[in-house]
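Notes for the one structure printed next.
There are 2 protein chains.
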Amino acid sequence: MIISNGVKNFADKLLEATEKMKNPSCIGLDPRIEDIPDFLKGGDITETFFDFNKMIIDATYDIVPAFKVQIAFYEKYKVEGIKAFEKTINYLKKKNKIVIVDAKRNDIGPTAEAYSSAYLSPEGFDVDALTANPYFGIDGLKPFIDDAIKYGKGIFVLVKTSNPSSREFQDQTLKSGKKLYELIGEKVNEWGKNTKGETGYQIVGTIVGATYPKELKSLRKVMPQSIFLVPGYGAQGGTIKDIIFAFNKDGEGAIVNNSRGIIFAWKNESYSKRFRPREFHLAAREAALAMKKELLSALSN
Amino acid sequence: MIISNGVKNFADKLLEATEKMKNPSCIGLDPRIEDIPDFLKGGDITETFFDFNKMIIDATYDIVPAFKVQIAFYEKYKVEGIKAFEKTINYLKKKNKIVIVDAKRNDIGPTAEAYSSAYLSPEGFDVDALTANPYFGIDGLKPFIDDAIKYGKGIFVLVKTSNPSSREFQDQTLKSGKKLYELIGEKVNEWGKNTKGETGYQIVGTIVGATYPKELKSLRKVMPQSIFLVPGYGAQGGTIKDIIFAFNKDGEGAIVNNSRGIIFAWKNESYSKRFRPREFHLAAREAALAMKKELLSALSN
Numbered sequence: 001m002i003i004s005n006g007v008k009n010f011a012d013k014l015l016e017a018t019e020k021m022k023n024p025s026c027i028g029l030d031p032r033i034e035d036i037p038d039f040l041k042g043g044d045i046t047e048t049f050f051d052f053n054k055m056i057i058d059a060t061y062d063i064v065p066a067f068k069v070q071i072a073f074y075e076k077y078k079v080e081g082i083k084a085f086e087k088t089i090n091y092l093k094k095k096n097k098i099v100i101v102d103a104k105r106n107d108i109g110p111t112a113e114a115y116s117s118a119y120l121s122p123e124g125f126d127v128d129a130l131t132a133n134p135y136f137g138i139d140g141l142k143p144f145i146d147d148a149i150k151y152g153k154g155i156f157v158l159v160k161t162s163n164p165s166s167r168e169f170q171d172q173t174l175k176s177g178k179k180l181y182e183l184i185g186e187k188v189n190e191w192g193k194n195t196k197g198e199t200g201y202q203i204v205g206t207i208v209g210a211t212y213p214k215e216l217k218s219l220r221k222v223m224p225q226s227i228f229l230v231p232g233y234g235a236q237g238g239t240i241k242d243i244i245f246a247f248n249k250d251g252e253g254a255i256v257n258n259s260r261g262i263i264f265a266w267k268n269e270s271y272s273k274r275f276r277p278r279e280f281h282l283a284a285r286e287a288a289l290a291m292k293k294e295l296l297s298a299l300s301n
Numbered sequence: 001m002i003i004s005n006g007v008k009n010f011a012d013k014l015l016e017a018t019e020k021m022k023n024p025s026c027i028g029l030d031p032r033i034e035d036i037p038d039f040l041k042g043g044d045i046t047e048t049f050f051d052f053n054k055m056i057i058d059a060t061y062d063i064v065p066a067f068k069v070q071i072a073f074y075e076k077y078k079v080e081g082i083k084a085f086e087k088t089i090n091y092l093k094k095k096n097k098i099v100i101v102d103a104k105r106n107d108i109g110p111t112a113e114a115y116s117s118a119y120l121s122p123e124g125f126d127v128d129a130l131t132a133n134p135y136f137g138i139d140g141l142k143p144f145i146d147d148a149i150k151y152g153k154g155i156f157v158l159v160k161t162s163n164p165s166s167r168e169f170q171d172q173t174l175k176s177g178k179k180l181y182e183l184i185g186e187k188v189n190e191w192g193k194n195t196k197g198e199t200g201y202q203i204v205g206t207i208v209g210a211t212y213p214k215e216l217k218s219l220r221k222v223m224p225q226s227i228f229l230v231p232g233y234g235a236q237g238g239t240i241k242d243i244i245f246a247f248n249k250d251g252e253g254a255i256v257n258n259s260r261g262i263i264f265a266w267k268n269e270s271y272s273k274r275f276r277p278r279e280f281h282l283a284a285r286e287a288a289l290a291m292k293k294e295l296l297s298a299l300s301n
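For the protein sequence lines, the chains are S and X, in the order given.
Oh and the first sequence: position 40 is 40 in my numbering, straight run, nothing missing.
Oh and the second sequence: position 81 is 81 in my numbering, straight run, nothing missing.
Now the structure itself:
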């Protein structure tokens with residue numbers, strides 16, 4: 001494990017954790033009040049969201065190496081929501097889990113510095129990794145990369161997103177013949193080339209939706225050393241057959257996220273017959289185990 | 001003034017305010033602890049930031065129609081910062097000012113809905129307008145546009161940003177011969193075409209940096225009905241000669257932001273000789289008046 005100034009490389013840390021748990025997946029903690037069992041309601045949003053998340057974490061932390069927290073669902077509830085966000089993050093840290101904040105932040109350099117400090121610095125939420133939008137070009141991303149190097153953190157840059165209209169701009173063919181997302185992928189390689197750890201992976205990762213298997217496959221080929229964070233599995237329609245393209249041939253290099261399919265499994269037909277609302281966390285555990293099994297089985301073929 | 005279901009069109013509301021105050025500019029409330037006079041420090045960040053902002057607002061609200069609040073500088077301080085953000089917004093509303101939150105939010109549809117609710121809905125911060133990043137394409141922006149129509153709000157979409165490396169992706173020439181930012185500009189026109197108010201302007205606005213006058217000029221020509229929010233004036237190097245291209249020939253259609261040049265005017269050489277730290281708000285007032293004068297003079301030529 002390469003350690004510079006006592007700081008562990010994020011890519012090494014993430015891969016060590018996925019290997020140790022034999023599970024390259026993460027759970028998305030994206031609470032929606034309408035999908036939380038009634039017995040948890042009654043208090044304020046801080047309490048309801050944290051109690052819900054805590055039960056999910058307690059039921060799954062021995063299965064998954066990492067959790068992804070989508071801040072939009074907390075921001076929606078202003079200060080009360082951000083308090084739940086912070087409590088959740090602190091609890092995940094206490095459980096020694098890798099915490100990825102999905103915030104897709106982006107701005108000009110001096111403002112990006114403030115965002116980076118908010119999430120990656122010891123004075124901020126101090127999580128392991130943050131997602132970022134590349135539209136500003138390198139000077140809007142450099143503050144995140146610099147802090148990631150300094151504090152042993154990672155960033156995941158949007159390259160090809162999982163939604164239908166990601167085609168609108170990301171798939172534009174440039175004069176050079178490349179698509180825009182391919183150019184951004186190349187730049188991610190370049191930005192991260194001096195940030196590699198012992199595993200050979202860099203701390204500048206890539207977001208590619210599971211809903212675009214062809215693009216996953218072609219990006220994986222040209223970006224062998226960037227870790228892919230793959231959303232879109234489950235509720236958004238990405239299947240295991242698609243997801244598998246996110247991994248390198250040795251079965252490494254990707255982490256697959258599932259949010260709704262795990263945390264709200266208790267509302268899916270296949271689980272709701274067997275679990276009562278009070279057992280939502282047990283349904284989440286079963287869904288997390290099923291996902292792990294599905295991924296490992298596909299990777300061993 | 002077109003009012004549908006009792007909801008006033010945001011473009012009409014903004015232009016009415018800029019005309020009434022004869023000032024197409026807004027002040028950016030982007031507090032940085034190191035630039036705040038010492039006499040305001042001592043309490044927590046909520047108190048320090050709000051006290052600072054309140055003194056700026058009290059000293060300038062009779063000059064400018066709108067304020068832009070960059071959330072990154074508040075997010076940096078987690079819950080304490082967001083409390084200052086909320087107090088500032090509520091105070092601006094009490095003063096009947098137009099509040100633009102600069103957050104550049106972006107995500108897939110269901111997540112964008114949560115962000116949109118956070119800022120534009122009556123249950124959220126309920127501000128007048130929000131900035132957004134277009135990388136996801138229309139389905140990531142539609143939730144913001146829908147809420148803007150429903151609640152009488154506006155959005156400003158990043159088209160050409162003010163930073164040096166905005167060239168890296170935004171200026172890529174597409175196979176069609178257009179640049180990426182030009183394509184996004186066209187899409188902004190299209191997305192907003194059914195949202196025009198009595199003034200003819202749409203509620204889907206555009207962000208174009210003052211640091212790119214050539215691009216400002218060409219975009220203004222092809223986007224006559226989108227309001228331009230123009231950052232980059234002052235500290236970032238955009239001059240009045242550049243800014244003027246943001247306006248239509250009738251002198252309408254743009255709002256120019258200045259953050260550091262106004263709120264930290266007391267630290268600029270030209271003001272620091274005449275104002276003590278305790279008079280920082282008076283320096284801000286003078287800088288706001290100077291900006292108004294400069295804009296009006298340039299527009300009348």
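Quick reminder that beta carbons are idealized off the backbone N, C-alpha and C, glycines included.
Own chain residues within Cβ distance below 6 Å of residue i, not counting five before or after
{"i": "Asn257 of chain X", "result": "Cys26, Gly28, Lys68, Pro231"}
{"i": "Gly185 of chain X", "result": "Val159, Leu219, Met223"}
{"i": "Leu299 of chain X", "result": "Gly251"}
{"i": "Lys293 of chain X", "result": "none"}
{"i": "Met55 of chain S", "result": "His281"}
{"i": "Ile262 of chain X", "result": "Ile27, Ala284, Ala287, Ala288"}
{"i": "Asn133 of chain S", "result": "Lys104, Asn106, Leu158"}
Span separating the alpha-carbon of residue i from that of residue j
{"i": "Gln202 of chain S", "j": "Trp191 of chain S", "result": "9 Å"}
{"i": "Phe136 of chain X", "j": "Pro31 of chain S", "result": "22 Å"}
{"i": "Ile45 of chain S", "j": "Tyr233 of chain X", "result": "40 Å"}
{"i": "Ile71 of chain X", "j": "Thr199 of chain X", "result": "30 Å"}
{"i": "Ala114 of chain X", "j": "Lys142 of chain X", "result": "12 Å"}
{"i": "Ala283 of chain X", "j": "Ala84 of chain X", "result": "22 Å"}
{"i": "Ala265 of chain X", "j": "Ser272 of chain X", "result": "8 Å"}
{"i": "Asn268 of chain S", "j": "Leu183 of chain X", "result": "41 Å"}
{"i": "Gln172 of chain S", "j": "Gln170 of chain X", "result": "12 Å"}
{"i": "Gly238 of chain X", "j": "Asp128 of chain X", "result": "26 Å"}
{"i": "Ala118 of chain X", "j": "Asn301 of chain S", "result": "44 Å"}
{"i": "Lys22 of chain X", "j": "Ala254 of chain X", "result": "13 Å"}
{"i": "Gly6 of chain S", "j": "Ser297 of chain X", "result": "58 Å"}
{"i": "Ala112 of chain S", "j": "Glu75 of chain X", "result": "11 Å"}
{"i": "Leu295 of chain X", "j": "Phe73 of chain X", "result": "27 Å"}
{"i": "Lys93 of chain S", "j": "Lys150 of chain X", "result": "40 Å"}
{"i": "Glu126 of chain S", "j": "Glu19 of chain X", "result": "The question names Glu, but residue 126 of chain S in the sequence shown is Asp. When rounded, the distance between both Cα atoms is 45 Å."}
{"i": "Gln236 of chain X", "j": "Ala235 of chain S", "result": "43 Å"}
N- and C-terminal bounds of the beta strand (DSSP E) containing residue i
{"i": "Val157 of chain X", "result": "154-160"}
{"i": "Leu130 of chain S", "result": "129-132"}
{"i": "Ile207 of chain S", "result": "202-208"}
{"i": "Asp102 of chain X", "result": "98-105"}
{"i": "Leu14 of chain X", "result": "Taken as a continuous stretch (DSSP letters only), Leu14 of chain X belongs to no beta strand (DSSP E), being part of the alpha helix (DSSP H) at 10-20."}
{"i": "Ser226 of chain S", "result": "226-230"}
{"i": "Gly28 of chain X", "result": "25-28"}
Delimiting residues of the alpha helix (DSSP H) encompassing residue i
{"i": "Lys187 of chain X", "result": "180-192"}
{"i": "Val79 of chain X", "result": "78-94"}
{"i": "Asp62 of chain S", "result": "First-last for Asp62 of chain S: undefined, no H or E at that position."}
{"i": "Ile138 of chain S", "result": "138-151"}
{"i": "Ala254 of chain X", "result": "From DSSP, Ala254 of chain X is part of no alpha helix (DSSP H) but of the beta strand (DSSP E) over 254-258."}
{"i": "Phe280 of chain X", "result": "280-299"}
{"i": "Arg167 of chain S", "result": "167-170"}
Contact under 8 Å by Cβ, residue i with residue j
{"i": "Asp107 of chain X", "j": "Gly140 of chain X", "result": "yes"}
{"i": "Thr211 of chain S", "j": "Ser259 of chain S", "result": "no"}
{"i": "Ala246 of chain X", "j": "Val188 of chain X", "result": "no"}
{"i": "Ala17 of chain X", "j": "Ile89 of chain X", "result": "no"}
{"i": "Leu40 of chain X", "j": "Asp58 of chain X", "result": "no"}
{"i": "Leu174 of chain S", "j": "Lys175 of chain X", "result": "yes"}
{"i": "Val157 of chain X", "j": "Thr195 of chain X", "result": "no"}
{"i": "Thr131 of chain X", "j": "Ala103 of chain X", "result": "yes"}
{"i": "Ile138 of chain S", "j": "Leu229 of chain S", "result": "no"}
Close Cβ partners of residue i (< 7 Å) along its chain, the five nearest in sequence each way excluded
{"i": "Pro164 of chain X", "result": "none"}
{"i": "Pro213 of chain S", "result": "Asp242, Phe245"}
{"i": "Lys95 of chain S", "result": "Ile57, Tyr61"}
Neighbourhood of residue i by C-beta distance below 8 Å, restricted to the same chain and skipping five residues each side
{"i": "Arg285 of chain S", "result": "Ala59, Thr60, Ile63"}
Would you call the stretch 6-13 of chain X and the stretch 32-52 of chain X in contact, with 3 or more CB pairs under 8 Å? Output reads no: the stretch 32-52 of chain X does not touch the stretch 6-13 of chain X.
Between the stretch 267-281 of chain X and the stretch 209-227 of chain X, are three or more C-beta pairs nearer than 8 Å? The stretch 267-281 of chain X vs the stretch 209-227 of chain X: no contact.
Using 8 Å as the threshold, is the stretch 92-108 of chain S in touch with the stretch 76-93 of chain X, meaning 3 or more CB pairs across them? Touching, no, given that fewer than three Cβ pairs across the two stretches are closer than 8 Å.
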